[in-house]
Amino acid sequence: MRENVLFDALARGREQLLKQVGDCPLDKRYVVPTGFNNNILWQLGHIVTETDGLITRLSGENQTLSAEYKAFFVNGTKPSEWNGEPPSWNEILSQLKAQIPLIRRVFTGKLDTRSKDNPSKGETVEELLLFNLFHEYLHVGNIGAMLKVLGVK
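Each step along the sequence shown adds one to the number in the numbering used here, with nothing skipped, and position 95 is 1403.
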């Protein structure tokens, strides 16, 4: 795969995500809809946290997120069990916007690099970035469903 195709797909996916939540009313961002374990803020925080972990594991770059992100947004966490205040909506959106240019900068010319052991079993940077794209779209779907249930879309 040409790397620009992958990087552009990641950018388009992230743009779609940001557009999708761009007009989400404040009073709906923190509601856990019936049938869900998490809210829209958690979905966004989870995406940014997992993507940051991927970048860190693959590149050796320092994490861009504070340690508190993991406490709030790793797999298995949920708002009903949070202790303290999570990062703000605007902070998370800012991190989401910054990640794709970082991915492009860090991984240009390195898609064939062999990856270390990882949960998704991808063998190269390219395979792990494809997994990340798939993972993000799963959460975009969850957010879309939440917005419908909440009467936003």
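Note that the Cβ used here is the ideal one computed from N, Cα and C, for glycine as well.
ask   = Of all the options SER1388, PRO1395, ASN1398 and THR1359, which has the alpha carbon lying nearest to the alpha carbon of TYR1492?
value = The shown model of the chain, from 1309 to 1461, leaves out residue 1492, and the question about it has no answer.
inquiry  = Which residue wins for smallest C-alpha separation from VAL1356, given the options GLU1431, GLU1434 and ARG1322?
reply    = ARG1322
query = In the structure shown, what three-state DSSP assignment does ARG1310 receive?
reply = coil
ask   = Mind checking whether THR1416 and THR1432 have CB atoms under 8 Å apart?
value = no
request  = Can you tell me which of the three DSSP states ARG1422 falls into?
outcome  = strand
ask   = What do you reckon, are the CB atoms on PHE1315 and ILE1411 nearer than 8 Å?
value = yes
request  = From the DSSP output, in three-state form, read off THR1432 for me.
outcome  = strand
inquiry  = So, for LYS1378: in the same chain, excluding its five sequence neighbours on each side, which residues have a beta-carbon less than 7 Å away from its beta-carbon?
reply    = THR1357
query = What did DSSP end up calling LEU1437 once you bin it into helix, strand or coil?
reply = helix
message = Quick check on MET1309: buried or exposed, where buried means 16 or more other Cβ atoms within 10 Å of its Cβ?
response = exposed
ask   = So LEU1401 and LEU1349 are in contact, right, with Cβ under 8 Å, and what is the actual spacing, rounded?
value = The Cβ separation is near 10 Å, so there is no contact.
key: beta strand (DSSP E) runs wholly inside the region 1310-1368, at least 3 long, in chain order   = none
inquiry  = In this structure, how does DSSP classify SER1388 when only helix, strand and coil are distinguished?
reply    = helix
inquiry  = Please list the terminal residues of the continuous alpha helix (DSSP H) segment that includes LYS1402.
reply    = One point to set straight first is that residue 1402 is Ser, not Lys, in the sequence displayed. Taken as a continuous stretch (DSSP letters only), the alpha helix (DSSP H) holding SER1402 covers 1397-1415.
query = How many angstroms separate the CA atom of GLY1268 from the CA atom of ARG1413?
reply = This structure leaves residue 1268 out entirely; the chain is present only between 1309 and 1461.
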